[in-house]
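The listed protein sequences derive, respectively, from chains A and B. When you read off a place in the first sequence, starting at 1, and then add 648, the result is the number in our numbering. When you read off a place in the second sequence, starting at 1, and then add 648, the result is the number in our numbering. A virtual CB, placed ideally from N, CA and C, is assigned to each residue, including glycine. In this text, all values refer to a predicted model and were calculated from it rather than measured experimentally. Here's the structure we're looking at; comments come further down.
There are 2 protein chains.
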Amino acid sequence: MKNITMADVAKYAGVSKSTVSQFLNKRFDYMGKDTKNKIEKAIEELGYSPNIVARSLKQKSTKTIGVIVANILHVFSTQVIRAIEDYCNESDFQIIVCNADDDPVKEKRYIDMLRAKQVDGIIAFPTGGNVDLYAKLLNAKFPVVFMDRILKEVQIPTIMTDNVKASSLAVEQLVERGYKKIAMISPPANTCVTPRLERIDGYKQALEKNGISFNPNFLVSSELTELGNKIHDMFTKTTQPEAIVASNDRVLLEVLAYTKKHHLDIPKDIALIGIDDVSFASIYNPALTTIAQPAFQMGKKAAELLLGLIRDNSNEEDFGIYRFEPKLITRESC
Amino acid sequence: MKNITMADVAKYAGVSKSTVSQFLNKRFDYMGKDTKNKIEKAIEELGYSPNIVARSLKQKSTKTIGVIVANILHVFSTQVIRAIEDYCNESDFQIIVCNADDDPVKEKRYIDMLRAKQVDGIIAFPTGGNVDLYAKLLNAKFPVVFMDRILKEVQIPTIMTDNVKASSLAVEQLVERGYKKIAMISPPANTCVTPRLERIDGYKQALEKNGISFNPNFLVSSELTELGNKIHDMFTKTTQPEAIVASNDRVLLEVLAYTKKHHLDIPKDIALIGIDDVSFASIYNPALTTIAQPAFQMGKKAAELLLGLIRDNSNEEDFGIYRFEPKLITRESC
DNA sequence: CTGAAAGCGCTTACAG
DNA sequence: CTGAAAGCGCTTACAG
Chain A
649 MKNITMADVA KYAGVSKSTV SQFLNKRFDY MGKDTKNKIE KAIEELGYSP
699 NIVARSLKQK STKTIGVIVA NILHVFSTQV IRAIEDYCNE SDFQIIVCNA
749 DDDPVKEKRY IDMLRAKQVD GIIAFPTGGN VDLYAKLLNA KFPVVFMDRI
799 LKEVQIPTIM TDNVKASSLA VEQLVERGYK KIAMISPPAN TCVTPRLERI
849 DGYKQALEKN GISFNPNFLV SSELTELGNK IHDMFTKTTQ PEAIVASNDR
899 VLLEVLAYTK KHHLDIPKDI ALIGIDDVSF ASIYNPALTT IAQPAFQMGK
949 KAAELLLGLI RDNSNEEDFG IYRFEPKLIT RESC
Chain B
649 MKNITMADVA KYAGVSKSTV SQFLNKRFDY MGKDTKNKIE KAIEELGYSP
699 NIVARSLKQK STKTIGVIVA NILHVFSTQV IRAIEDYCNE SDFQIIVCNA
749 DDDPVKEKRY IDMLRAKQVD GIIAFPTGGN VDLYAKLLNA KFPVVFMDRI
799 LKEVQIPTIM TDNVKASSLA VEQLVERGYK KIAMISPPAN TCVTPRLERI
849 DGYKQALEKN GISFNPNFLV SSELTELGNK IHDMFTKTTQ PEAIVASNDR
899 VLLEVLAYTK KHHLDIPKDI ALIGIDDVSF ASIYNPALTT IAQPAFQMGK
949 KAAELLLGLI RDNSNEEDFG IYRFEPKLIT RESC
């Protein structure tokens, strides 16, 4: 457990460092049976374990990647990270997790630090505030994969839910059940957070496709803390919605807080579909119909792409947007 | 963005590498104003950023710690990680996240790898299957802090919820509301997962303290997948419970699945308190009374302790168990 | 089949 | 006030 180095092993085994190194890297082609045994024994007896930092310095590869999420507390991010970690683990890569909190300054600091630590690549939920930096990375052929946010200014492979489809699925389901006055509740849409924009788009498109004209009163979009009030405003207008699409899990919580507070019966008073298959969907009263994102598949794909890029900096066709299909899970809330 | 090294900066600025290094490490004591400017300019113009791997090799410190959780998907772990990351970030430390899945083999692999990568310390939710390894680490004065599990065989500082108190709080509340037939539902207790054991203990102690004799039928403990059936067994016995304490968030979900399926009214048919303040507690129908663990404080404390150990391998008094107070959050389910 | 030597990019006494 | 030199612990041609 002390600081046994390769030199110690070499001395103990009576061979040179080079030979020990060959042994460790399993280059046995020309190694004598005897030498091999001696080294094996030395390593065993000294309790030697190689210093990967030294190896990394020489090999210019740390077998470590950085993962920058907005906030690990978001369930979707957690699932993505879990999938990434699993995939990386199989290839003996480790992940450094960073929370950028949607702050471009924090994001930049993390990127700089990750690069300084010589990570082999980065998977990021980009804030949108560091386009130039990412452009530089791309230009330097530094492996980067984006998750859940599109930065159109820069050609970096990006993993996305098909958000238009997610909303459409919700609206279609609602329409099928006979609802026409369908509202969408969303976080602020004046941001670079692609999914919010796309989900609103998908909502509008689906309405149109079903011959329902878009009613601006039915699109509520604001900070989570304000959402309760805004929803109340909507419900106190002359025309009230019959159904709600909650654009993500945190919005759903606000909607549910509202319906509970005002004793609205779901789905009798108001039908409801949430995007994100929340943990409590099936045990809620009533069970919640949701649109699930394939977070694990998406995380896996991100890791797959990144490790691919790390292995060879080419594969031009990889630099697109990868869309993953959301899935409707029908329960009782609509 | 290419590979600018310190040597490049030195040449460009017309000074030696040593001087550049001094500059980077802010040892300005004797540095000429002029030299300083030249270096500043060179770094700026070349876009140099130091290679931390090289520095780490020399300094024998990577400013990186490993965090081994059972599963990042568990909300408690996620919160702990977030707190650790925040605290580390302030001290310019990064965290490598590992999921051991309660598998000692996986845990050992991660520990070995983290050490090979020369992390400065480890925060772990130990599986209990690697006592010897941890003993070795402790012996080598390698900084380790445990989280949420006690390994009594080894004197490593450990951060815990006061689990006995958590259960007591639940039982007391139930008793206060007039319930006497109080059941506890728990995951399997034949493990090293300390909280499960302690919570069952706390449950029993609190019953006794309140003069209620312990009824073995009211202690249901088994795999999550079996829990539904076991709960059903309990409810179909002659004496039925009036109230349930769910020992953690995942158990709570199973209990709720059961009550929903069998149309049990909470709290009329059965009162309920869950340990872990789940995200949907306040919007559930009825809102759920819970016992919250101070996950963020606990994560922060773990990071604080670990960085303390990293800075100086001594402070004997740090090697104890740190208990954090859970909190009762009264809502409608009891 | 194995070893001596150079080098990865830093830091750190030490000399001047 | 600054530089030359050694060294952190590996890997990798290359020589023999």
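Original post:
Residues of chain B with CB under 8 Å from Thr726 (chain A), in chain order?
Top reply: Ile720, Leu721 and Thr726
Original post:
Of all the options B:Ile804, B:Pro915, B:Glu820 and B:Thr873, which has the alpha carbon lying nearest to the alpha carbon of Gln853 (chain B)?
Top reply: B:Glu820
**OP:** Look at the Cβ atom of Val903 (chain B), then the Cβ atom of Ile833 (chain B), and state whether they are nearer than 8 Å.
**Re:** yes
Subject >> For Lys674 (chain B), the residue or residues it bridges with in DSSP >> reply: According to DSSP, Lys674 (chain B) bridges with nothing at all.
**OP:** Could you have a look at Tyr970 (chain B) and say whether DSSP puts it in helix, strand or coil?
**Re:** strand
**OP:** Answer yes or no: does any C-beta atom of chain A fall closer than 8 Å to that of Phe794 (chain B)?
**Re:** no
Subject >> Gly859 (chain B): first and last residue of the uninterrupted alpha helix (DSSP H) it sits in >> reply: Gly859 (chain B) -> no alpha helix (DSSP H), and no H or E assigned at all.
Original post:
Does Lys828 (chain A) come within less than 8 Å of chain B when only Cβ atoms are used?
Top reply: no
**OP:** In angstroms with no decimal places, state the Cα-to-Cα distance between Gly922 (chain B) and Arg825 (chain A).
**Re:** 36 Å
**OP:** Could you tell me whether any Cβ in chain A is nearer than 8 Å to the Cβ of Ser927 (chain B)?
**Re:** yes
Subject >> Cα-Cα separation between Pro934 (chain A) and Gly876 (chain B), rounded to whole angstroms >> reply: 19 Å
**OP:** Can you tell me which of the three DSSP states Ser709 (chain A) falls into?
**Re:** coil
Subject >> Cβ-based burial, Asp925 (chain B) [other Cβ within 10 Å; buried from 16] >> reply: buried
Original post:
In chain B, what lies closer than 8 Å to Glu733 (chain A) by C-beta?
Top reply: Ile720, Val745, Cys746 and Asn747
Original post:
Alpha carbon to alpha carbon, what distance is there between Lys908 (chain B) and Gln941 (chain A)?
Top reply: 25 Å
Original post:
In or out: Ser722 (chain A) buried (at least 16 other Cβ within 10 Å) or exposed?
Top reply: Per the sequence shown, residue 722 (chain A) should be read as His rather than Ser. Buried: at least 16 other Cβ atoms inside 10 Å.
Original post:
Identify the residues that DSSP records as bridge partners of Ile939 (chain B): which are they?
Top reply: B:Ile923 and B:Leu976
Subject >> Start-to-end residues for the alpha helix (DSSP H) that takes in Gly876 (chain B) >> reply: Leu872 to Phe883
**OP:** Excluding the 5 residues preceding and the 5 following Gln752 (chain A) in the sequence, name in chain order all residues of the same chain whose CB lies nearer than 7 Å to its CB.
**Re:** For the sequence presented, residue 752 (chain A) should be read as Pro rather than Gln. Here the set comprises Thr775, Gly777 and Asn778.
Subject >> Bridge-paired residues (DSSP) for Gly714 (chain B) >> reply: B:Ile744 and B:Ile770
Original post:
Going along the chain, which unbroken runs of the beta strand (DSSP E) with 3 or more residues stay wholly within the region 773 to 834 of chain B?
Top reply: 792 to 795, 806 to 809 and 830 to 834
**OP:** Count the CB pairs spanning the region 872 to 886 of chain A and the region 782 to 790 of chain A that are closer than 8 Å, and state whether there are at least three.
**Re:** no
Original post:
Does any CB atom of chain A fall closer than 8 Å to the CB of Met649 (chain B)?
Top reply: Any answer about Met649 (chain B) is weak, because its pLDDT of 43 lies below 50 and its placement is not dependable; what the coordinates show is given next. At least one chain A Cβ lies under 8 Å of Met649 (chain B).
Original post:
DSSP state of Leu630 (chain B), grouped into three classes?
Top reply: Outside the displayed span of chain B (649 to 982) sits residue 630 (chain B), for which this structure offers no information.
**OP:** Kindly confirm or deny that the region 674 to 682 of chain A and the region 734 to 747 of chain A touch, where touching means at least three C-beta pairs closer than 8 Å.
**Re:** no
Subject >> Element boundaries [beta strand (DSSP E), containing Ile918 (chain A)] >> reply: Here Ile918 (chain A) belongs to no beta strand (DSSP E), and DSSP marks it neither H nor E.
Subject >> CB contact below 8 Å: Ile716 (chain A) versus chain B >> reply: no
**OP:** Name, in chain order, the residues that DSSP records as bridge partners for Val663 (chain B).
**Re:** For Val663 (chain B), which the question treats as bridged, DSSP gives no partner whatsoever.
Original post:
Thinking just about the alpha-carbon of each residue, which of B:Ala837, B:Asn865 and B:Leu817 is nearest to the one in Lys857 (chain B)?
Top reply: B:Leu817
Subject >> First and last residue of the uninterrupted beta strand (DSSP E) at Val893 (chain B) >> reply: Ala891 to Ala894
**OP:** Would you mind telling me which residues of chain A sit closer than 8 Å to Ser704 (chain B), beta carbon to beta carbon, in chain order?
**Re:** Val701
**OP:** Use the C-beta contact count for Pro974 (chain A): other C-beta atoms within 10 angstroms, 16 or more gives buried, fewer gives exposed.
**Re:** buried
**OP:** Kindly indicate if chain B contains any beta-carbon less than 8 Å away from that of Arg979 (chain A).
**Re:** no
Original post:
Bridge partners of Leu867 (chain A), per DSSP?
Top reply: A:Met832
Subject >> Closest Cα partner of Asn651 (chain A) within the set B:Leu955, B:Phe790 and B:Gly968 >> reply: B:Phe790
**OP:** Determine the contact status of Leu872 (chain B) and Arg898 (chain B), defining contact as a CB-CB distance below 8 Å.
**Re:** yes
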